[in-house]
Amino acid sequence: MSDPYDAIQFGQVQNVLQASQERPQLFKGISIYVNGYAPQSELRRHILEHGGDYQQHLKKSSVTHILATTLTNAKIESLRNYKVVDPSWVTDSIAAGRLLPWTHYRLGFSKGPEDQSTMEQNEPVKETEQGEKRKREEEERETVIESVSPVQINTIISQKDKNNKSLDEDHDTHPDIIKNYYKNSRLHHLSAWKEELKDKVRRWNLENAGFKGRNKKGKRPENHRVVMHIDFDAFFASVSLLDRPHLKDRPVAVAHSKGAKDDSSSEIASCNYIARQFGIHNGMMMSTAKIKCPELQSVPYEFEKYKAVSDTFYQIIFEYADEIQAVSVDEALLEVASHVTQPGTGQEMDLATQIRDKIRSKTGCNTSVGVGPNILIARLANRRAKPNGQYICGLDQIQDLLSSIEVTDLPGVGRAMKSKLYEMGVRIVKDLALVPLSNLQANFGTKIGQTLHNFSKGIDDRLLSTHPTRQSVSAEVNWGIRFENEEKAKTFIDDLAKEVSERLDSQQMKGRSITLKIMRRKLGSGAPLKYLGYGDCDTFSRSTVLPRATDDNQVIAKNAWNLYKQLNFTPSDVRGVGIQIQKLEAASVSDKTQFFGAVPLNTEPVASRSLGKTKNDENTTVYKRKMVDRDVFIQLPESTRLEISDAYKVVFMEKEGTSSAVNTPTWSENRPECIGGSSTAAMGHSETSELYVSPVPDNDILDQPSFSDLPPWSQLDPTMLLALSTEMQQQILKQYGQIHEHHDKKLKINHRDFETENKFQKESRNRTTAGGTTKNTLTQMFSRNYYEDEDAPLDMSAVNELPADIREEILENERRKKNRQKNTSRSDVKKKHTPADVETRPSFCEPKLMGLTDIRDIRVLLKTWERTPENIRLLTEFVMKLAHNKDLDKARLVVLSLDQVSNVAAQGTDPQSWRAEVEELRLALKEHVFNHYRCNLRF
DNA sequence: ATCCTCCCCTAC
DNA sequence: TAAGGTAGGGGAGGAT
Ligand SMILES: Nc1ccn([C@H]2C[C@H](O)[C@@H](COP(=O)(O)OP(=O)(O)OP(=O)(O)O)O2)c(=O)n1
Ligand SMILES: [Mg+2]
Ligand SMILES: [Mg+2]
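So for the first sequence, my numbering puts the first residue at 492; every next one is plus one.
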C-alpha cells in the first residue's frame, strides 16, 4: 500500500480490480501497442478488460506485442524485433476464451527496407538511447535527429505493467486520454487548485464583507500595511513524507519516475531541503538530480493529500486574515494589519508563530512566513526565512534584505529577464537600483521597467488581488503530442474541445472568443530533452470571435479545427495544442439569448484571415447571418438540409434547455448553436433549434459586394426588434454596422502569413525586445525621411491574388531580402504606406511635455525648467515615448536641447545641471534603437 | 486614445 | 518511460 509506485495509480488499480472480476484475464502480463489506424477504442477496451496492458508508447522493452493492420515496409523493418500481429488476434482470443498463439496472426514479413529514417529510431536498441542521453544538457539544444516514434497521445493508451488502465468504461475512447493525462499532471493540478482556491477566497470575501470592514480596518486607522506571505516548505515532498518518516532525513524528491533508472527525464515537482543541498531544485529533471545526488529517493505524487492539506491551510488563514490572496495550493498572501496595533513590537512575530504552529499541528507540515510592508518585501522576507522560519522585515531592514539578493530573486524576473539583465551587467538588486529608469523602460517597456525600478528600491504598490472573475478558460496539452496525420490531430482537437467545454460548464460560463494555440517544432530542432516533450518549438495562436457565447464542445471543436487548418502545419511537427475561451459570460445570461427573425447578425472578422498556405482560400470566410426558422429547416428534406450544411455554416441557436427552456416549450431538444465547417462533413445537427450562419467559402465575397441577401436595414421589422431585449437590440444594431463597414474592406496581407511560414522571426524576437513581431526597418529611422520611403513595397493585394504557392515564394523572397539588407532599404511587407498612413500619423497620440509638443516650445521650457525628481521623470517618459513613436529626431533634439541648457547652466548659476540626465537619455535612446532596429544610433 | 490580435513571460 | 498546465500581466503593431 505504501509502495511508492502503486500509490501513484491507486485509483486505477481499484478500477482494474473491479473490471477484472468479470472477465478472464487473457492478456495478463502482456503489453500491447496498437499501431496507427487500427480501431483503437475497441481494441483498447478489449485488452484492458482482459487483463492486458495497453502501451501508449512504443518504446523499447515494455511492449511485448504490436497490433497493426497495415504497415509500411519501413515500419515493418523497424518493428522487426516485436511480435507484430493482426488485431484479430485479440478478438479471436477473447472469442475463444483463451490466448491464441500470436504466431498465427503474425503480420507481414520484412521486405527490402525503404529508407524511412524517422522510423529507425524505434528499434529497441538500448545503446543508442543511452548514448544520446548522455549528451543532453539542460537547455534543449542538440542536433541529434529526433526519434519520431509512432506515438500519439490521442491514439494510444498505455499503462504500466501490472496496473491496467482505469477506463471510464462508459466513455468512448478519446476523452479519457486527456483526462488520464491531466490526472497525472502536477501542473494541471496546480492550476486547477488555484482556481478553486480563488473561488474559495471570493466566497469568503462575500461572507465576511461586513465583518471585515468593521473589525479590522477600524482598528488601524493609518494605512500602515502588514503583509504576510505564508508558504509551505517543500510542499509536495513534505506531504509525501508524512507517511514515510523513514525517508525524512534523506534526500527526497517527488516525481513520476520510480528512480530505478538514473536517466529518467521526469521532472521533480518538489524536493526536500536535504536534496537541495546537492543543488537539486524543483523542476529539475530527475536524471540531472541523480547525477548531483545518486542517493536521491523519489516518492510518488499524492495529489489528494496535497489538496487536503491545502484545504486545512486555508481554513486556518481564514481565521486570521483581513484579506487574502490565494497564490497557490501551498501559499497565500495575507493582510494582517488588524493584528498589529504597534508595528515593530513583536506582534507580527507572535502572529506568525501562532499561525505556523497551528498549521504544523493540523497538517504536520512546516511553513515559512515573511512579513513586510508590501507584497514584495513579504515575499523576499519569506525567502530569507526558509526553511521552517519566519522573518519580519520592518522599514529598517528593507535595504539589508534587498542588498543581499540577486535580481533573479525578484518576483517577475525569470529566465528571459534574467538573461537580459545579465547582458546589461545587472546581477544583483544593487546593480539594478543604479540603472536609470529610462534605461529599464527602453529595455523592458514602460510598465515592467517601472516595476523593476520600484522593486530595486523595495517599492511595491500592488494590493492583494481581489480575484476578479476570470477572463479565460483553457485547456492545453504540450506533452506526448505526435500526430501521424491530420485525422489524428482532428480527433485530438475534438477531445480537447470537449475538455474545455466541460470546464466552461463547470464554471457556468460561456465565451465568445475561441483561440487555438499550437506548438510546432522548429525546423532544425533535435529530439526534445524531455521524453515526448515539445523540445524547441515556436508557438502560434489564432482566434475567432463568435456572434454569440458558447460552451458547446462541437462549436468549439469546429472553430478550433478551422483555426488549425488555417495554420496549415504538417501534423507530425505539432508538439502542443491548446484551446482557450475568452470574452466570457455567465452561462445563465447567454442562455437568455433568444431567437429572432431574419436578422443579419454579424460578420466574422475572418475576412482578414487569408492565410498564405492554404491551398485555396476557403478559409477566408465571411460569415453572413441568415436566419432560418427552425421549423422550416427541420421540415426540409434531408438531402436539402445536408446541402445547406455543406454550403453554409450552420448555427443552431437556442436556449439552453437545461436551464431555461422555459419560454419556448417547442424546443425540447437543446444543443446550442454550432458552426459547421464548410469543407468538413455536415454536422450531426439533430433536430433542435433554428438557424444558421452561412460562410461564403471563397473570397469572391471580398471583391464584390455580397451582402445582397441580407435584409437591408430598411426592411428590418421594427416590431420584432422592439420585442427583443435591449441587449439584443444593441447587438443587432452593432452587427449591422459591422456588416456595412465590411463592404469597404480590402483584402489585406497579414503579418501572420509570414509567421506561419518562417521561424527566424522568432529568433530575432528573442534577440530583441520581448513580444514584438518583425521590426520595421531601422535605417529609415535615421534618414530624415522616415515617412516617405520610396522603396516601393510589394503590392500585396496583387500578390494575394496569386496562387498560394507562388505567393508564398514571393513573400519568402521578400522577407529574405529584408533580412539581408536591413540597413539599406525598406521592405516592410506588413505595412502599406498609403498616403492615408502618412496623414493619419500626427493624430497618433503625440507625446507632450507639460502640454507642449513643438520642439521650440520645449526648448524654451527646458531653459528654465527646474530639475526636480518629478520633472526628471516627466522628461524621461516624454523622450522615451517619442522614441517609442519612432520620432527619434525629436527625441534627439530634446536631449540636445537639454544638453545645451546644462552646458550653459554649468558655467553659470546652476550647479545642478542636467548633465547626468542627458547622458542617461542618450544611452537609453541608443539602447532603444539598438534593441528595436538592431543598429547603432549615432548620437 | 483605445481596442484587438498574437505573441512572450512568469508563477506555482 | 511520462504525464512541460494555465491565468494573467504585458508589449508590439495594427485597426478604428
Ligand atoms: N516547478 C515546480 C514548482 C512547484 N511545483 C509544485 C510542487 C511544490 O511543492 C509546490 C509548491 O511550490 P513551491 O514553489 O512553494 O516549492 P516548495 O513548496 O516545494 O518548496 P519551497 O516553498 O520550500 O521552496 O508546487 C511543481 O510541481 N513544479
Ligand atoms: Mg512552498
Ligand atoms: Mg509555493
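The beta-carbon is built from N, C-alpha and C at its ideal position, and this holds for glycine as well.
- Three or more pairs of CB atoms, one per stretch, sit closer than 8 Å, so the segment 798-815 contacts the segment 832-850.
- Only buried fits Val-790, as 16 or more other CB atoms lie within 10 angstroms of its CB.
- The beta carbon of Asp-900 lies closer than 6 Å to none in the same chain, with the five residues before and after it left out.
- Assignment of Ile-866 by DSSP, reduced to helix, strand and coil, places it in the helix class.
- For Arg-1033, the secondary structure class from DSSP, reduced to helix, strand or coil, is strand.
- Take Thr-1030, set aside five residues on each side of it, and the residues of its chain with a beta-carbon closer than 8 Å to its own are Lys-1008, Ile-1009, Met-1010, Arg-1011 and Gly-1067, in chain order.
- For a cut-off of 8 Å, the C-beta gap from Ser-1388 to Ile-1349 is around 7 Å, short enough to register as a contact.
- For Glu-1418 and Lys-739, the gap between their C-alpha atoms comes out near 51 Å.
- Going by beta carbons, Lys-783 and Gly-774 fall outside the 8 Å limit.
- Pairing Leu-886 with Ile-721 gives a Cβ-Cβ distance that is not under 8 Å.
- Taken from the Cβ of Asp-722, at least one heavy atom of ligand 3 lies inside 7 Å.
- The DSSP-derived three-state label of Val-743 is strand.
- Using a cutoff of 7 Å, the CB of Asn-773 counts as near ligand 1, since one of the ligand's heavy atoms is closer than that.
- DSSP places Ile-850 inside the alpha helix (DSSP H), whose first and last residues are 838-854.
- Distances from the CA of Glu-1368 to each of Lys-1354, Val-1386, Thr-1355 and Cys-1426 were compared; the closest alpha carbon is that of Val-1386.
- Per the DSSP secondary-structure output, His-1419 pairs with nothing in a beta bridge.
- When C-beta atoms of the segment 963-972 are compared with those of the segment 1064-1079, three or more pairs fall below 8 Å, so the two segments count as touching.
- By the beta-carbon neighbour count (other beta carbons within 10 angstroms, threshold 16), Glu-1411 is buried.
- Taking 8 Å as the upper bound for CB-CB distance, Val-717 and Val-831 are in contact here, some 5 Å apart.
- DSSP, read as helix, strand or coil, puts Ser-748 in coil.
- The C-beta separation of Pro-1062 from Glu-977 comes to about 5 Å, placing the pair in contact by the 8 Å criterion.
- When Leu-787, Arg-735, Cys-762 and Ser-761 are compared, the shortest CA-CA separation from Lys-752 is found for Leu-787.
- Taking the CA atoms as reference points, Ser-929 sits about 18 Å from Met-1341.
- Gly-701 counts as exposed, since fewer than 16 other C-beta atoms from the protein chains shown sit within 10 angstroms of its C-beta.
- Taking a cut-off of 8 Å on C-beta distances, the segment 984-1002 touches the segment 1032-1052, as three or more cross pairs fall below it.
- Taking a cut-off of 8 Å on C-beta distances, the segment 932-951 touches the segment 857-871, as three or more cross pairs fall below it.
- For His-720, the beta-bridge partners assigned by DSSP are Leu-824 and Gly-861.
- Fully enclosed alpha helix (DSSP H) runs of no fewer than 4 residues occupy 906-914, 920-925, 928-935 and 937-947 of the segment 890-960, in order along the chain.
- Closest by C-alpha distance to Val-730, out of Leu-955, Tyr-792 and Lys-674, is Tyr-792.
- When rounded, the separation of the alpha-carbon atoms in Lys-674 and Cys-884 is 40 Å.
- Boundaries of the beta strand (DSSP E) harbouring Ser-789: 788-790, taken from the DSSP string.
- As DSSP reads the structure, Met-776 sits in a beta bridge with Glu-758.
- Residue nearest to Leu-1366 within the set Pro-1338, His-679, Ala-1040 and Lys-911 is Pro-1338 (criterion: CA-CA distance).
- By the beta-carbon neighbour count (other beta carbons within 10 angstroms, threshold 16), Arg-1383 is buried.
- Spanning the alpha carbons of Gln-890 and Val-898 requires a straight line of approximately 14 Å.
- For Arg-1350, the enclosing alpha helix (DSSP H) begins and ends at 1346-1355.
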